[in-house]
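Chains as they are written, first to last, in our numbering: chain A, 1 to 229; chain B, 1 to 87. Cβ atoms here follow ideal geometry from the backbone N, Cα and C, with glycine treated the same way. Values in this document were obtained by computation on a predicted structure and should not be read as measured data.
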């Protein structure tokens, strides 16, 4: 697997950030209402943000594939979709851990939580459609990616539009100055980490595309004539 | 076919877990003042579980991508060899 220098730089920055962030999170001041469990915020929000950007990247790739038949776009969409599922899963794990202490229960059918679950399920559907959808599977999956990305603004604005028990988006800009380093280091570390993972996943998709091309070439040359399936 | 069976079984188990959780908790809104008073769950353990889950998931995903890449690269090498032999 060959990674180009921007990916290596991202990997170094992500590793440094992921190593430094826990120290900053531990030393960040405690929130009086929720206590120590509020510290989940320092990685829950960056992961959610990464999930959003991944969903948008996936939709971008899907649009390029649907409208311009871009295979690169399709590969980007596939890589980003898998990462949306990964980071979405982490959002749905870290959120309930915070909620258990803050709200007294693991899950509420709150609009923010429910729409996040929906996003995660849409991208799982993307992966199934792409893999098992047969001839038109990639196009069907691309449509799902666009549909899924449309859920992102709904998730982001849900806490402002509807009455909800989830913290508002205003907590980030109004964050206490003593809490900001932990949040922003964690945020940048997770963003760099995402691009490293995306690079690795894209490399896998490129290898698969090369393999498919080679199989076609081999078939044209009659390499498999006489082979049993 | 095995994958589909595994998926159906997983979905059934998930549905059972959701129904079980609903029986216990229900859709009752959190009452004011219910949250922290009398709460004995240690927050630091939850924070550690959350961070641990992130690291484990990332490492597992990286291992999965590495394994898949290795498999594809091996298949590529084998196919290239067959093509070269063929000329």
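Starting from the beta carbon of residue i, find every residue of chain B whose beta carbon is closer than 8 Å, and list them in chain order.
i, result
"residue 89/A", "57"
"residue 94/A", "50, 53, 54"
"residue 207/A", "69, 72, 73, 76"
"residue 123/A", "By Cβ distance, chain B contributes nothing, its closest Cβ being about 14 Å from residue 123/A, past 8 Å."
For residue i, which three-state DSSP category applies?
i, result
"residue 133/A", "coil"
"residue 108/A", "coil"
"residue 52/B", "helix"
"residue 222/A", "coil"
"residue 86/B", "helix"
Distance check for residue j and residue i, CA to CA, integer angstroms please.
i, j, result
"residue 151/A", "residue 115/A", "7 Å"
"residue 83/A", "residue 183/A", "21 Å"
"residue 68/B", "residue 204/A", "8 Å"
"residue 36/B", "residue 93/A", "For residue 36/B, the predicted structure reports a pLDDT of 48, less than 50, and the residue's modelled location is therefore unreliable. The matter cannot be settled from this model."
"residue 51/B", "residue 72/A", "34 Å"
"residue 176/A", "residue 43/B", "21 Å"
"residue 108/A", "residue 48/B", "22 Å"
"residue 121/A", "residue 145/A", "11 Å"
"residue 215/A", "residue 193/A", "33 Å"
"residue 21/A", "residue 60/A", "31 Å"
"residue 127/A", "residue 78/A", "8 Å"
"residue 16/A", "residue 34/A", "29 Å"
Could you give the C-beta distance for residue i and residue j, rounded to a whole number, given that I count them as a contact under 8 Å?
i, j, result
"residue 178/A", "residue 28/A", "7 Å"
"residue 207/A", "residue 73/B", "6 Å"
"residue 90/A", "residue 47/A", "5 Å"
"residue 166/A", "residue 112/A", "4 Å"
"residue 129/A", "residue 140/A", "5 Å"
"residue 196/A", "residue 14/A", "5 Å"
Can you say whether residue i is buried or exposed, counting buried as having 16 or more other CB atoms within 10 angstroms of its CB?
i, result
"residue 110/A", "buried"
"residue 132/A", "exposed"
"residue 4/A", "exposed"
"residue 106/A", "exposed"
"residue 63/B", "exposed"
"residue 97/A", "buried"
"residue 138/A", "buried"
"residue 58/A", "buried"
"residue 221/A", "exposed"
"residue 71/B", "exposed"
"residue 161/A", "exposed"
"residue 224/A", "exposed"
"residue 12/B", "exposed"
Which residues in chain A have a C-beta closer than 7 Å to the C-beta of residue i? List them in chain order.
i, result
"residue 44/B", "36"
"residue 5/B", "Simply none; closest approach about 14 Å."
"residue 47/B", "36, 37, 39, 40"
Anything in chain B within Cβ reach of residue i, meaning under 7 Å, just list it in chain order.
i, result
"residue 86/A", "57, 61"
"residue 19/A", "What residue 19/A touches in chain B: nothing, since even the nearest Cβ is about 11 Å away."
Which residues of chain B have a Cβ atom closer than 9 Å to the Cβ of residue i, listed in chain order?
i, result
"residue 203/A", "65, 69"
"residue 97/A", "46, 47, 49, 50, 53"
Under 9 Å between beta-carbons, which chain A residues line up against residue i? List them in chain order, please.
i, result
"residue 83/B", "214, 217, 218, 221, 223"
Does the CB of residue i have a neighbour CB from chain E at under 7 Å?
i, result
"residue 144/A", "Absent from the structure: chain E. Protein chains present are A and B."
Could you name the residues of chain A that residue i contacts, counting a contact when the two beta carbons are closer than 8 Å?
i, result
"residue 79/B", "211, 214, 215, 218"
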